[in-house]
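Number of protein chains: 2
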Amino acid sequence: MAENDVERCGFLFVHEAVVEQVLSQMPEDEKLYDLAELFKVFGDSTRIKILYALFEAELCVCDIAQLLGLTQSAVSHQLRVLKAGRLVKPRKDGKTVFYSLADDHVRTLIAQGMEHIEE
Amino acid sequence: MAENDVERCGFLFVHEAVVEQVLSQMPEDEKLYDLAELFKVFGDSTRIKILYALFEAELCVCDIAQLLGLTQSAVSHQLRVLKAGRLVKPRKDGKTVFYSLADDHVRTLIAQGMEHIEE
DNA sequence: ATAATATATGAACAATAATTCATATGTTTG
DNA sequence: CAAACATATGAATTATTGTTCATATATTAT
Numbered sequence: 137m138a139e140n141d142v143e144r145c146g147f148l149f150v151h152e153a154v155v156e157q158v159l160s161q162m163p164e165d166e167k168l169y170d171l172a173e174l175f176k177v178f179g180d181s182t183r184i185k186i187l188y189a190l191f192e193a194e195l196c197v198c199d200i201a202q203l204l205g206l207t208q209s210a211v212s213h214q215l216r217v218l219k220a221g222r223l224v225k226p227r228k229d230g231k232t233v234f235y236s237l238a239d240d241h242v243r244t245l246i247a248q249g250m251e252h253i254e255e
Numbered sequence: 137m138a139e140n141d142v143e144r145c146g147f148l149f150v151h152e153a154v155v156e157q158v159l160s161q162m163p164e165d166e167k168l169y170d171l172a173e174l175f176k177v178f179g180d181s182t183r184i185k186i187l188y189a190l191f192e193a194e195l196c197v198c199d200i201a202q203l204l205g206l207t208q209s210a211v212s213h214q215l216r217v218l219k220a221g222r223l224v225k226p227r228k229d230g231k232t233v234f235y236s237l238a239d240d241h242v243r244t245l246i247a248q249g250m251e252h253i254e255e
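Those protein sequence lines, which keep their order, are chains A and B. The numbering of the first sequence is the numbering used here, which starts it at 137 and goes up by one. The numbering of the second sequence is the numbering used here, which starts it at 137 and goes up by one.
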């Protein structure tokens, strides 16, 4: 039954096979970093609010600011972060810039997150 | 065609109806905050690495540390964050604590995130 | 009981990031 | 062209957060 014994840590790893598998399935560092960056963008309640507002409609910076009770500057800064993460996209119309969700991953991710915290 | 005109910001909002809809669909502040907190947990490359390692197997703190080239303390601190977010769960066996993924949302969320950055 | 081992925790420090304020850019109107 | 307006940006400030180091807790073995 030595094979099934619970392994202790003095012995570096559980099983060589497991180590192999973990390391082989692990994406590249750069990808892991990018993934963390993506989630970081979702990890701020102001940005979450902005995204939720855009669930319903395309909105301009000024609308978002007034709707959420934020300053124009704060919203603009956060929209830049959201845009860099390709979560929203701008449409310029004269001096006004309307923002909308970039794609459906935004909705899906937020929905999945909500499911998790609501269970 | 006044109805379809692109609205300017001097007029508070686009349409009353849109404002109503945005505000009515917006979850409570506390929920938005919790959601941001959840994503914040995913928003760190060390924690992402730990989660990926646990995709393959239940692992103890020491294994994770050695596998990922981190200190025991750093891993323990991060596991506490992951546990608080109900993303991993511990199983104590003697002096060793094995961690595993708490549920399938973890896999789903990370998969969705990966999809987004890979497209 | 004492020593050894695995994990957890607290404090300190360094790095990031969010907001504010002032101002710049770009567009429209008179 | 000048004034008005919507948005963007840079610097400064404040707040958060990740890591390290030292140490505490808990369990096992001698």
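C-beta atoms are modelled at their ideal positions from N, C-alpha and C, and glycine is treated no differently.
Item	Value
Among A:Leu203, A:Glu254, A:Leu190, nearest to Pro226 of chain A - alpha-carbon criterion	A:Leu190
Burial state of Asp90 of chain B (16 or more Cβ within 10 Å)	This structure cannot settle anything about residue 90 of chain B, because the visible part of chain B is limited to 137 through 255.
Between the CA atoms of Arg183 of chain B and Gln214 of chain B - distance to the nearest angstrom	6 angstroms
Alpha carbon of Leu195 of chain A to alpha carbon of Val177 of chain B, nearest angstrom	29 angstroms
Inter-stretch contact at 8 angstroms, needing at least 3 Cβ pairs: the segment 235-254 of chain A / the segment 158-168 of chain A	no
Contact list for Asp181 of chain B against chain A, beta-carbon separation under 7 angstroms	One point to set straight first is that residue 181 of chain B is Ser, not Asp, in the sequence displayed. Going along chain A in sequence order, the residues near Ser181 of chain B (Cβ under 7 angstroms) are Leu168, Tyr169, Ala172.
Identified DSSP bridge partners for Cys196 of chain B	B:Phe234
Neighbour flag for Met137 of chain A against chain B, beta carbons, 8 angstroms	Note that Met137 of chain A has pLDDT 33, beneath the 50 cutoff, so the model's placement of it is unreliable and no number is given.
Coil, strand or helix - Arg243 of chain B by DSSP	helix
Min CB distance Leu218 of chain B to chain A below 8 angstroms	no
Top-ranked residue by Cα proximity to Ile256 of chain B, from A:Leu174, A:Glu156, A:Ala153	The shown model of chain B, from 137 to 255, leaves out residue 256 of chain B, and the question about it has no answer.
Where Ile184 of chain B meets chain A, residues with beta-carbon distance less than 7 angstroms	Leu168, Leu171, Ala172
Where Arg183 of chain A falls: helix, strand or coil (DSSP)	helix
Helix, strand or coil at Arg227 of chain A according to DSSP, with G and I counted as helix	strand
Residues of its chain near Gly221 of chain A, where Cβ-Cβ distance is below 8 angstroms and the 5 sequence neighbours each way are ignored	Glu173, Leu174, Val177
8 angstroms contact criterion, which Gln208 of chain B and Thr244 of chain A should meet: CB distance rounded	The pair is not a contact, with the Cβ atoms about 36 angstroms apart (cut-off 8 angstroms).
DSSP-derived helix/strand/coil call for Leu218 of chain A	helix
Alpha-carbon to alpha-carbon, Val217 of chain B and Ala193 of chain B	19 angstroms
Distance cut-off 7 angstroms: Leu190 of chain B Cβ against heavy atoms of the ligand MG	With respect to small molecules bound, the structure shown includes none, and the ligand MG cannot be examined in it.
8 angstroms Cβ cutoff, Gly225 of chain B in contact with chain A	The question names Gly, but residue 225 of chain B in the sequence shown is Lys. Cβ-Cβ to chain A under 8 angstroms: no for Lys225 of chain B.
Within chain A, partners of His241 of chain B - CB distance below 9 angstroms	Gln248, Gly249, Glu251, His252, Glu255
Test: Lys228 of chain A CB closer than 8 angstroms to a CB of chain B	no
Euclidean distance between Cα positions of Val155 of chain B and Leu237 of chain B	40 angstroms
Close-in-space but distant-in-sequence residues of the same chain around Leu203 of chain A (CB under 8 angstroms, 5 per side omitted)	Ala189, Leu195
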